[in-house]
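Quick notes on the structure that follows.
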Amino acid sequence: MKRVKEETGALLATEVANPMHIEKALRAGIDILWIGARTTVNPFSVQELANALKGVDVPVLVKNPAYPDLQLWIGALERINRAGIKKLASVHRGFHSYEVTMYRNQPQWDLAIELKTMCPELPLICDPSHICGNTHLTAFVAQKAMDLHYDGLMIETHNDPLRALSDARQQITPDRLFEIISNLVIRNPLKEDQRSRLQELREKINEIDEELLQTLSSRMLLSKEIGEWKRDNNIIVFQVSRWEEILKKALELGETMGLSRDFVKALYVLIHDESIRTQVDVMNLAKKAEQPVS
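For the sequence shown, the numbering used here assigns the number 2 to the initial residue and increments by one for each residue that follows.
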């Protein structure tokens, strides 16, 4: 890598997982360091790196933890920042999931957006290579990141991907990288003369959101009544057949309305979980009321 820098003048970046890595990387003249997902997940390892970075002026990128935990990600960024690192950025590389999907690591865009909302001055970079785990989705994910106003991309490239020593399936050639970057559409921030129409549409969404919340509140009140009836009649809270019936009907209805099955399922899982929690609370409150006061 040192030779590459000397011959090309390009900035070099590498992953560091322990203090020795930092020492060797800096000695070799590496310009940018990054902390990988499997390191971010361990606060003790991150603190060791933070201690080693004290007094060092080098940009550091912090990838999201392997598992979807926003506070863990923020905690890692804070530890590195407290060590005196001012040139700091976050890298969204997706999250491990037991579900089989088209991605190697689930994007869970909402977590990255929440991080950007909480830390608006912190640069957010997308790593499509690790999110995809393949090459045919790289351009799609890269464009989506740009549409969500990410600050940059981290894409793996190799002159001969089949001979890459790691993650060969997600490596793209330099020519393909140039093609992807050249075809990205970088959208403009909102202009002042566009705000009135956008505000009008947002007001309509606000009204619909309020109706949604009112409907959900009414549904939970009914769940509470059902919980009371089940308690009084000594009936179990969770009934598989009823849940299957609700989900099947919702998926079929959602499809006729143009809603994706994944979205409808995720929504109804959340609603059902809250309904179960409400009914369990009703049962537990009844048990507490029956306990004698000592």
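Backbone N, C-alpha and C define an ideal beta-carbon position, used for all residues, glycine too.
Relative to the C-alpha of residue i, which candidate in the options has its C-alpha closest?
i, options, result
"V241", "H273, S219 and D210", "H273"
"V47", "D70, G76, D210 and I31", "G76"
"P20", "L12, L123, K249 and I81", "I81"
"L12", "G37, P60 and T136", "P60"
"G56", "S276, Q72 and L27", "L27"
"N43", "K249, Q72, I31 and K3", "Q72"
"L138", "I173, A165 and F45", "I173"
"L54", "T158, E24 and L286", "E24"
"P190", "L223, Y151 and W110", "Y151"
"I182", "Q144, A267 and N285", "Q144"
"E79", "T102, Y99, P108 and M119", "M119"
"D111", "D70, I86 and A140", "D70"
"A267", "G259, T257, L252 and M258", "L252"
"K249", "I237, M221 and R262", "R262"
"M221", "L286, E275 and I209", "E275"
"V142", "S218, Y99, G95 and W35", "G95"
"D58", "S224, S219, L223 and G85", "G85"
Here's the rule: buried if 16 or more other CB atoms are within 10 angstroms of the residue's CB, otherwise exposed. What is residue i?
i, result
"K88", "exposed"
"N106", "buried"
"W74", "buried"
"N184", "exposed"
"P129", "buried"
"R243", "exposed"
"K192", "exposed"
"K117", "buried"
"P175", "exposed"
"A29", "exposed"
"H131", "buried"
"G10", "exposed"
"W230", "exposed"
"L34", "buried"
"I236", "exposed"
"T40", "buried"
"S224", "buried"
Are the beta-carbon atoms of residue i and residue j separated by less than 8 Å?
i, j, result
"I227", "Q280", "yes"
"P121", "A90", "no"
"Y104", "C133", "yes"
"A67", "H97", "yes"
"A169", "L178", "no"
"E180", "Q171", "no"
"A18", "D32", "no"
"M284", "R232", "yes"
Assuming residue i contacts residue j (C-beta within less than 8 Å), just tell me the rounded distance between them.
i, j, result
"H93", "N65", "6 Å"
"I277", "F239", "6 Å"
"G37", "E8", "Not quite, the Cβ-Cβ distance comes to about 27 Å (not below 8 Å), so this is no contact."
"I114", "L149", "7 Å"
"L154", "A146", "6 Å"
"R83", "A51", "7 Å"
"G255", "V265", "4 Å"
Taking 8 Å as the CB-CB limit, is residue i close to chain D?
i, result
"S276", "Chain labels in this structure do not include chain D; a single protein chain is all it has."
Within the present structure, is the beta-carbon of residue i separated from the nearest heavy atom of the ligand ZN by less than 7 Å?
i, result
"M221", "You won't find the ligand ZN in this model; it holds no ligand whatsoever."
Practice prompt. May I have a chain-ordered list of the alpha helix (DSSP H) segments no shorter than 4 residues that lie completely inside the segment 180-216?
Written response: none
Worksheet entry | Contiguous beta strand (DSSP E) assignments of at least 3 residues, all confined to the segment 38-112 | 61-64 and 89-93
Discussion item. Please give me, in chain order, every unbroken run of the beta strand (DSSP E) with length at least 3 that falls completely inside the segment 218-255.
Written reply: none
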